[in-house]
């Protein structure tokens, strides 16, 4: 379960999405990231009971970075205001099926799953 402080950090980041603020609150970010990593590790433990491939994965293989790629975006805010992770055979870089966890304040959190048509055996 995520700590309230993790959601508080994300709420504050949403209102102050700029590098000077982020640098000033890097310790808060580190604590929030570690909290999310703990949640992802716990989920991987549960998934590994059903699927042995998850036993070898680490949270860092599943979690997306918080820094946005703004090169071709009209929205130049530098940071995502959520934490996301993919649980799949090869972590976040695997192109096939998996589960996605999105944690964001304000009732915007969700989980989902799917598969890629190009990786099915049908």
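Residue numbers (this note's numbering): -13 to 108.
Cβ coordinates follow ideal geometry from the N, Cα and C atoms, glycine included.
Values in this document were obtained by computation on a predicted structure and should not be read as measured data.
Alpha helix (DSSP H) segment containing residue i, residue limits
i	result
residue 26	12 to 36
residue -7	-10 to 1
residue 46	45 to 48
For residue i, the residue or residues it bridges with in DSSP
i	result
residue 100	84
residue -13	Answer is none; residue -13 lacks a bridge partner.
residue 72	86
residue 53	65
Rounded separation between residue i and residue j - CA only
i	j	result
residue 5	residue 54	12 Å
residue 82	residue 91	28 Å
residue 98	residue 85	6 Å
residue 33	residue 21	19 Å
residue 80	residue -5	29 Å
residue 36	residue 26	16 Å
Checklist entry - With contact counted as at least three CB pairs below 8 Å, one residue from each stretch, are the region 39 to 46 and the region 6 to 17 in contact? => result With fewer than three CB-CB distances shorter than 8 Å, the region 39 to 46 does not count as touching the region 6 to 17.
Next on the checklist: Within 8 Å, do at least three Cβ pairs link the region 71 to 87 to the region 48 to 58?
Outcome noted: They touch, by the three-pair rule.
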